[in-house]
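Since the structure comes first, as structure tokens, the remarks are kept for the end.
Number of protein chains: 2
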Amino acid sequence: MKRPSEKSQAAVTMRDVATQSGFSPATVSIVLNNAPLARYIAPATKKRIEDTAKKLGYRPNAMARFLRSKRSHSVGVLFFDITDPFCTLIMRGVENALYQASYLAIFADAHNQRNRFERYLELLLERHVEGLIVVANWLFVDIHVLADLSKRNIPSATIGWELPGNNISSVMVDNETGARLALEHLHQLGHRKIAFIRGPKMLIDSAPRWRGIQKFAHGAGLEIDPALVLQLPESLDPNSSFESGYRYTEDLLEQRKKFTAVMAFDDLTALGAIRALTKAGVKVPEHCSVTGFDDIALSSLAAPSLTTVRQPMEAMGALAVNIVMDGINAALEKRDWNVVNQKMNPELVIRDSTRAVSLTGGDD
Amino acid sequence: MKRPSEKSQAAVTMRDVATQSGFSPATVSIVLNNAPLARYIAPATKKRIEDTAKKLGYRPNAMARFLRSKRSHSVGVLFFDITDPFCTLIMRGVENALYQASYLAIFADAHNQRNRFERYLELLLERHVEGLIVVANWLFVDIHVLADLSKRNIPSATIGWELPGNNISSVMVDNETGARLALEHLHQLGHRKIAFIRGPKMLIDSAPRWRGIQKFAHGAGLEIDPALVLQLPESLDPNSSFESGYRYTEDLLEQRKKFTAVMAFDDLTALGAIRALTKAGVKVPEHCSVTGFDDIALSSLAAPSLTTVRQPMEAMGALAVNIVMDGINAALEKRDWNVVNQKMNPELVIRDSTRAVSLTGGDD
DNA sequence: TGGTATTGCGAAAGCGATAACGTAGCTTGA
DNA sequence: TCAAGCTACGTTATCGCTTTCGCAATACCA
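Read top to bottom, the protein sequences are chains A and B.
Under the working numbering, think of the first position of the first sequence as 1495, with each following residue one higher.
Under the working numbering, think of the first position of the second sequence as 1495, with each following residue one higher.
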């Protein structure tokens, strides 16, 4: 039994510290915040104040502070779907960078629902977040959100996602390069008959990755067989691509198409493809190589471990924070600041799911 | 270029709505919050106020509201390590339940570091979170934290973790039952020589799971060969158990121990074990069955998909929120409330990593 | 010696909202 | 007929903190 009557001892306030230490609240504030004016405060006074603050167990009331100073020391982080494995390390990166700056993150998860996204945005704005980070890869949000943000002068950045007519900063992986890296790798291993599972149109990543593939193929004289090119269906469930990868690969096998490698849109698709291949008795990587994209946590743990293109997710999260913090500081110092649209370099991670094409394989 | 000089239009305040609509701030407050007194406000007045609020794009200032009402409408959620796959669905459950209640979650990630934990706790208390949820499975935090919390009368709950001398609510899976379910399953499949990989002592889950195993073994007359019982090392890295599972299983195989099944402490350990078995040419499940615990996202995607004991993680998150909310409401209504220590029922999820013991196998 | 800087601190005005209390006019019942 | 209660709002006092302004005193310089 918890009795609320346990004398919910009114929190000790700054005024308490002031009267106890014999100074005014103003001085206490200046000392405890180490404000510029603290230069002029006598060391003895500082000590007295700090000591009594500690003795009383004073804890500043953030709300009062925020109300007065108009700074909330928090930034909103809006995820489109937190169960997407892509998000985990981004969270880590964001959280860590904010922690360094003594900011707190208010995470929100839109569950891929537009109205939920907007409701959360509203809640975050009411709380006067000083900045906003939006993590998504769906082409969902339209311009009016941006309008609201820039009118209110809230520094924002998107991760894995970009708004057209960029008035808003963004951090993305260089998808085109990433796709090229993977394909180049397969090509170097001797693969010529490669099946491609493209991403859904809805995803902003899909087009540039395909472009990277086409450019490399063109440059290297690699022929892309249209019959080996598939495209994932539109879906809101981030984990559905495993299913799709499985089914599409199964279809290819049933149609007796010849290929020695599958380049999948992302890791989950690749894992689905591997599952289908294995089930059909096609060994990976002995008979068929598979590549993914993202390097989510699973990929190194899967059997076989997945060769994939890593997005530097923690770094992307940290960079987004830095961009936003720069915006915040700029506004504070009444400087100008720039919208930045940064493309991060992906990294090819070679594991066990790719191998040089076998001579006994179907590579005519 | 972003010019800060874009007339950062001072946010429209309640006073603006008041003067514009011709009523007093108090009335505006009552109407917009639909406070009890709103019964007495003329419908026409309500409409006028609501209309002008909408017209001006009024958005309440949460900080001012919080300062006055002493309610922050947010609860802190303290994770020990957010990269632990165990956490993802808990986050989802917590977030969703809070969303229903129009509360916002302030997530914090302690990175398994005690000082970081304490710093975050401090930050959360400064923000006057109305409740606190701590997600962990390490026996890390000691009593003085609890003392602080209950003195400040902040309803709290832990997930996957329990404090001794329980003055604080907790939500855990019934580990003993879960372990029994898994072992029972293996036993029914005919397995008699079973290797066990126990959890590290540091984890609170380890002991009850082992107890469940022992009890079932005793009841069923199953003999546990001490040579087949291993224990994971203490480690702070949630993903290290894959490595350990791999290595330990490798050791068992090298020592030519006979066993037809491995019951691993958790899913990652199980996946590591499977990897070692597969690498050594022992097929799962044909030659050896493997079970895990948790049912993290990977488990259904792995090859073979993992038979495991599911923790109802979303439900656990939601329940923790409900417990905390009940505490908050109780305090508000000056009711008493109870500390609850809830054990949730685990569920056996049978997939492809377990099979009836083969006659040709090594089961003498 | 007088004037300017530097040092050391307090008084008071809010930040934007809510809650307690007032103040009317009007209805109702005995 | 008049106290009591309901209806429909407005006044005012904070909530706990920051910040600007202001006032002294002491130090410095010419």
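Glycine included, each C-beta is placed from N, C-alpha and C at the ideal position.
Query, Result
"From the DSSP output, in three-state form, read off residue 1730 of chain B for me.", "coil"
"In chain order, what residues of the same chain lie with their CB nearer than 6 Å to the CB of residue 1508 of chain A, ignoring the 5 residues before and after it?", "1519, 1522"
"I'd like the ranges of any alpha helix (DSSP H) spanning at least 4 consecutive residues and lying wholly in the stretch 1516-1568 of chain B.", "1519-1527, 1537-1550, 1556-1563"
"Is residue 1523 of chain A close to chain B, meaning its C-beta is less than 9 Å from at least one C-beta of that chain?", "no"
"Whole angstroms is fine: what's the gap from residue 1559 of chain B's alpha carbon to residue 1594 of chain B's?", "20 Å"
"Is the separation between the beta-carbon of residue 1738 of chain A and that of residue 1766 of chain A shorter than 9 Å?", "yes"
"Provide the residue(s) that pair with residue 1756 of chain B in DSSP beta bridges, ordered along the chain.", "B:1689, B:1784"
"With 9 Å as the limit, tell me which residues of the stretch 1573-1600 of chain A have their beta carbon closer than that to any beta carbon of chain B; keep them in chain order.", "1576, 1577, 1579, 1581, 1582, 1583, 1585, 1586, 1589, 1590, 1593, 1596, 1598, 1599, 1600"
"Whose C-beta lies closer than 6 Å to the C-beta of residue 1705 of chain A among residues of the same chain, with five residues either side of it excluded?", "1670"
"When you compare the CB positions of residue 1577 of chain A and residue 1582 of chain B, do they come within less than 9 Å of one another, or not?", "yes"
"Would you check if the distance between the CB atom of residue 1665 of chain B and the CB atom of residue 1813 of chain B is smaller than 9 Å?", "yes"
"For residue 1700 of chain A, report the span of its alpha helix (DSSP H) as first-last.", "1700-1714"
"Is it right to say residue 1844 of chain B is buried, meaning 16 or more other beta carbons lie within 10 angstroms of its own, or is it exposed?", "exposed"
"Need the endpoints of the alpha helix (DSSP H) that residue 1664 of chain B sits in, please.", "Taken as a continuous stretch (DSSP letters only), residue 1664 of chain B belongs to no alpha helix (DSSP H), being part of the beta strand (DSSP E) at 1663-1667."
"Of the choices A:1550, A:1621, A:1775, A:1760, whose alpha-carbon is the least far from that of residue 1579 of chain A?", "A:1760"
"Going by Cα to Cα distance, which pick from A:1615, A:1821, A:1691, A:1824 is closest to residue 1720 of chain A?", "A:1691"
"Would you mind telling me which residues of chain B sit closer than 8 Å to residue 1555 of chain A, beta carbon to beta carbon, in chain order?", "1561, 1620, 1622"
"Cβ of residue 1791 of chain B less than 9 Å from any chain A Cβ?", "yes"
"When we look at the beta-carbon of residue 1882 of chain A and count the other beta-carbons within 10 Å, is it buried (16 or more) or exposed?", "Any property of residue 1882 of chain A remains undetermined from this structure, which presents chain A solely from 1495 to 1858."
"Using a Cβ-Cβ cut-off of less than 8 Å, give me the residues of the stretch 1723-1755 of chain B that come near chain A, in sequence order.", "1733, 1736"
"Got a sec: is the Cβ-Cβ distance from residue 1795 of chain B to anything in chain A below 9 Å?", "yes"
"Please classify residue 1819 of chain B: does DSSP put it in a helix, a strand, or coil?", "helix"
"Between residue 1659 of chain B and residue 1836 of chain B, what straight-line distance do the alpha-carbon atoms span, to the nearest angstrom?", "15 Å"
"For residue 1566 of chain B, decide whether its Cβ has a neighbour in chain A, counting only Cβ atoms nearer than 9 Å.", "yes"
"Looking at residue 1654 of chain A and residue 1603 of chain A, is the spacing between their C-beta atoms short of 9 Å?", "no"
"Looking only at its chain, what residues have a beta carbon closer than 7 Å to the beta carbon of residue 1584 of chain A, apart from the 5 residues adjacent to it on each side?", "1629, 1653, 1807, 1810, 1811"
"Is it the case that the stretch 1551-1565 of chain B contacts the stretch 1768-1785 of chain B, given that we only count it when at least three CB pairs across the two stretches are under 8 Å?", "no"
"Kindly indicate the opening and closing residues of the alpha helix (DSSP H) around residue 1585 of chain B.", "1579-1594"
"Would you call the stretch 1813-1831 of chain A in contact with the stretch 1813-1826 of chain B, where contact means no fewer than 3 C-beta pairs closer than 8 Å?", "no"
"The beta strand (DSSP E) spanning residue 1650 of chain B covers which residue range?", "1650-1653"
"Per the DSSP calculation, residue 1835 of chain A is bridged to which residue(s)?", "A:1664"
"Whose Cβ in chain B lies nearer than 9 Å to the Cβ of residue 1699 of chain A?", "Under the 9 Å cutoff, chain B gives no residues; its nearest Cβ is about 21 Å from residue 1699 of chain A."
"On the DSSP bridge list, what partners appear for residue 1600 of chain A?", "A:1570"
"Would you list the residues sitting across from residue 1625 of chain B in a DSSP beta bridge?", "B:1569"
"Given this structure, state the Cα-to-Cα distance separating residue 1517 of chain A from residue 1533 of chain A, to the nearest angstrom.", "16 Å"
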